[in-house]
Amino acid sequence: MKLYIKITLYSALAFAAITVNAQKKGDQGNGTYLNPVMSGDFPDPSIMRDGKDYYMVHSAFDYLPGLTVYHSTDLVNWEPVSYALSTYLGPCWAPDITKYKDKYFIYFTIANKGNFVVYADSPNGPWSHPIDLKIGSIDPYHVADETGQRWLFLSGGMRAKLASDGLSVISGSSERVYSGWKFPDEWITEGMALEGPKVQKIGNYYYYINAEGGTAGPATAHMVVVARSKSINGPWENAPNNPLIHTYNEDEKWWNKGHGTLVDAPDGKWWMVYHGYEKNFLNLGRQTLLEPIQITLEGWLKAPTGTGIEKPLAKPVKGPAKDRLANLNDFRIGLDWKYYKKYDPDRAMVQDHALTLKAQGDNPQDSAPLLFVAGAERYEISVKVDRAPGTTAGILLFYNADYYVGTGLNDKDRLRFRKGAIKNRNAYDGNSLWLKLRNYNNTVTGYWSKDGKVWHKEAWGMDITGYNHNTLYDFQSMLPGLFAYGEGKIIFSDLKFTLLD
Numbered sequence: 000m001k002l003y004i005k006i007t008l009y010s011a012l013a014f015a016a017i018t019v020n021a022q023k024k025g026d027q028g029n030g031t032y033l034n035p036v037m038s039g040d041f042p043d044p045s046i047m048r049d050g051k052d053y054y055m056v057h058s059a060f061d062y063l064p065g066l067t068v069y070h071s072t073d074l075v076n077w078e079p080v081s082y083a084l085s086t087y088l089g090p091c092w093a094p095d096i097t098k099y100k101d102k103y104f105i106y107f108t109i110a111n112k113g114n115f116v117v118y119a120d121s122p123n124g125p126w127s128h129p130i131d132l133k134i135g136s137i138d139p140y141h142v143a144d145e146t147g148q149r150w151l152f153l154s155g156g157m158r159a160k161l162a163s164d165g166l167s168v169i170s171g172s173s174e175r176v177y178s179g180w181k182f183p184d185e186w187i188t189e190g191m192a193l194e195g196p197k198v199q200k201i202g203n204y205y206y207y208i209n210a211e212g213g214t215a216g217p218a219t220a221h222m223v224v225v226a227r228s229k230s231i232n233g234p235w236e237n238a239p240n241n242p243l244i245h246t247y248n249e250d251e252k253w254w255n256k257g258h259g260t261l262v263d264a265p266d267g268k269w270w271m272v273y274h275g276y277e278k279n280f281l282n283l284g285r286q287t288l289l290e291p292i293q294i295t296l297e298g299w300l301k302a303p304t305g306t307g308i309e310k311p312l313a314k315p316v317k318g319p320a321k322d323r324l325a326n327l328n329d330f331r332i333g334l335d336w337k338y339y340k341k342y343d344p345d346r347a348m349v350q351d352h353a354l355t356l357k358a359q360g361d362n363p364q365d366s367a368p369l370l371f372v373a374g375a376e377r378y379e380i381s382v383k384v385d386r387a388p389g390t391t392a393g394i395l396l397f398y399n400a401d402y403y404v405g406t407g408l409n410d411k412d413r414l415r416f417r418k419g420a421i422k423n424r425n426a427y428d429g430n431s432l433w434l435k436l437r438n439y440n441n442t443v444t445g446y447w448s449k450d451g452k453v454w455h456k457e458a459w460g461m462d463i464t465g466y467n468h469n470t471l472y473d474f475q476s477m478l479p480g481l482f483a484y485g486e487g488k489i490i491f492s493d494l495k496f497t498l499l500d
């Protein structure tokens, strides 16, 4: 039996499904911003300026479509404009977006496979199919020197020459050019982990930016270090004030700060985007932070705000405040929404804020749940489920195939999912039900309703603090979303996502 399901997402004029408050709102609306500028799982930011426009990409990991390109005119408010990866090659790490002459390129790593590149005539796409550069290491970064020679800098202080079109590495050109900055032995880190290279020419110097210390683990592990040279060929002199960015103790709000990229504003001032975990909310993933950078009289880089990034800062460029999730109602797959590992463009049909979704698989993880980055500590997500016999559907907070929590409905029962499996069943006779998950400071509770108005709280509650990379690996985060498995097409409607005070 085929059942076509309409998902109705309220418009902003009729009690918006997306309720916005000050929680995790970067732009304060008064000429200042509060970090993070991109809340939630937006790690390994790479940024470029093209005139008055900025473009940024992040690690895609196991989500498809991936390598979403974000656009901004003020470095604080970001909107998705395209995506560059629609085929799952493996976990996608640490991309770099750049423009060379009249083309745009994104270089990126696929875990255990090497480094790849895609290109386009516009950051709005369409992007090419991935091209294997056939070179190892991780975290590629493109830079061209004064002669026009194109280079690919990589982890471990490595670099290699690129062909003139930027789509292949010249054989035998790989070499080690930098050994990093030796941080004090007593610092608590994950190890050296020299990675995330960026090279920026400012005045007479090339500034060589690297991450060290490991990207997770202890709060004090990660950092941004700087070296400089008057030649892209070195030798590289480490900064006397290293590290440029670092978390020094567990009392700070932002942990594991690192993996920075420099970018200039039209007024000539410099800024750095980097990522960090929020204390007590590691399961939100690494969030994108923004900090002003000064150049000292001696020609070194300085981050003057330090732990002051926890306070409002002056915006780099004037511009109106925007809500990143304002278009969640449009169900833009690849921009706001993404699947886990599997992407079938024919699976979903969106029309007039309605979604028709094919069920697939035998469990939530194999259904390739459809997810979005909430980026908040406190919120509710609710949806009406109408299901065909033999199908199971619901809502969840998803980390990976082995760890997620949620609530659903099948032929006989209301279901509770915990640690990637069904843990509780409560008899329910019917094919239609409203379901809700409430996540309040890492405590998740479930609710159900027959009319979407009168809600009944489930007996169970769960703490999800430990659903993060330090305990589960994979560098993932807890993303809210929908799942539907079995045969046929499943109905969700009356979807609401609400931030809570």
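Residue numbers in the sequence shown follow numbering that gives the first Met the number 0, run continuously in steps of one, and reach 500 at the last position. We treat Cβ as the ideally placed atom computed from N, Cα and C, and that holds for glycine.
Could you tell me which of the options sits nearest to residue i, measuring between CA atoms?
i: Leu-434; options: Gly-465, Thr-246 and Phe-496; result: Phe-496
i: Trp-447; options: Val-223, Leu-408, Lys-418 and Lys-252; result: Leu-408
i: Trp-556; options: Ser-492, Asp-401, Tyr-69 and Tyr-205; result: Examination of residue 556 is not possible in this model, given that the chain is present from 0 through 500 alone.
i: Val-272; options: Ile-208, Leu-281, Ala-226 and Leu-324; result: Ile-208
i: Asp-473; options: Cys-91, Val-68, Val-80 and Lys-24; result: Cys-91
i: Asn-241; options: Gly-171, Met-222 and Arg-158; result: Met-222
i: Ala-325; options: Ala-373, Tyr-32 and Gly-179; result: Ala-373
i: Thr-72; options: Pro-319, Leu-327 and Pro-368; result: Pro-319
i: Gln-27; options: Lys-418, Lys-456, Phe-371 and Leu-312; result: Leu-312
i: Thr-86; options: Pro-79, Glu-174, Ala-400 and Pro-344; result: Pro-344
i: Arg-437; options: Glu-236, Ala-400, Lys-98 and His-455; result: His-455
i: Asn-203; options: Trp-77, Asp-500, Val-349 and Glu-297; result: Glu-297
i: Tyr-398; options: Gly-179, Leu-289, Gly-360 and Asp-40; result: Asp-40
i: Tyr-62; options: Lys-340, Trp-180 and Gly-460; result: Lys-340
i: Asn-114; options: Phe-182, Arg-158 and Met-348; result: Arg-158
i: Tyr-466; options: Gly-165, Lys-24, Lys-100 and Asn-282; result: Asn-282
i: Ser-173; options: Leu-193, Asp-361 and Trp-150; result: Trp-150
When DSSP labels each residue in this structure, what does residue i get in the three-state scheme?
i: Ser-154; result: helix
i: Ala-483; result: strand
i: Lys-1; result: Because the pLDDT of Lys-1 is 33, which lies under 50, any placement of that residue in the model is unreliable, and the question is left without a value.
i: Gly-360; result: coil
i: Lys-181; result: coil
i: Glu-379; result: strand
i: Ile-137; result: coil
i: Ile-231; result: coil
i: Leu-74; result: coil
i: Ile-96; result: strand
i: Leu-281; result: helix
i: Asn-241; result: coil
i: Gly-147; result: coil
i: Asn-328; result: helix
i: Ala-15; result: Residue confidence for Ala-15 is low, a pLDDT of 32 falling below 50, so the modelled location carries little weight; the figure read from the coordinates is stated next. Note: Ala-15 maps to coil in three-state DSSP.
i: Gly-89; result: coil
i: Glu-189; result: coil
i: Glu-309; result: helix
i: Asp-412; result: strand
i: Ile-294; result: strand
i: Met-222; result: strand
i: Asn-20; result: Caution applies to Asn-20, whose pLDDT of 41 falls short of 50 and renders its modelled position unreliable; the model cannot decide the point.
i: Lys-340; result: coil
i: Gln-475; result: coil
i: Ile-201; result: strand
Less than 8 Å between the CB atoms is what I'm expecting for residue i and residue j, so what's the real figure, rounded?
i: Pro-129; j: Tyr-106; result: Between Tyr-106 and Pro-129 the Cβ distance is about 10 Å, and since that is not below 8 Å, they are no contact.
i: Leu-88; j: Lys-112; result: 6 Å
i: Ala-358; j: Tyr-484; result: 5 Å
i: Ile-187; j: Thr-219; result: 5 Å
i: Ile-490; j: Leu-396; result: Contact flag wrong, Cβ pair sits at about 21 Å.
i: Val-36; j: Val-68; result: Their Cβ separation, rounded to whole angstroms, is 16 Å, which puts Val-36 and Val-68 out of contact at 8 Å.
i: Ser-58; j: Pro-94; result: 7 Å
i: Leu-289; j: Trp-269; result: Going by Cβ atoms, the distance from Leu-289 to Trp-269 rounds to 12 Å, so no, they are not a contact pair.
Check whether the Cβ atoms of residue i and residue j sit closer than 9 Å, and answer yes or no.
i: Val-198; j: Ile-46; result: no
i: Ile-394; j: Pro-479; result: yes
i: Tyr-177; j: Gly-195; result: no
i: Leu-334; j: Tyr-82; result: yes
i: Gly-284; j: Ser-476; result: yes
i: Ala-426; j: Lys-411; result: yes
i: Ile-201; j: Ile-134; result: no
i: Asp-322; j: His-352; result: no
i: Val-117; j: Leu-84; result: yes
i: Tyr-402; j: Pro-368; result: no
i: Pro-363; j: Gly-419; result: yes
i: His-245; j: Pro-42; result: no
So, is the C-beta of residue i closer than 9 Å to a C-beta in chain D?
i: Tyr-99; result: Among the chains in the structure shown there is no chain D, since it carries only a single protein chain.
Next on the checklist: To test your reading of the DSSP string, which unbroken alpha helix (DSSP H) runs of 4 or more residues are found completely within the region 414-472?
Outcome noted: 468-471
Checklist entry - Where are the beta strand (DSSP E) runs, 3 residues long or more, that stay fully inside the region 22-69, in chain order? => result 45-49 and 52-56
Checklist entry - Considering only residues of the region 105-130, which uninterrupted beta strand (DSSP E) runs meet the minimum length of 3 residues and lie entirely inside it, listed in chain order? => result 113-119
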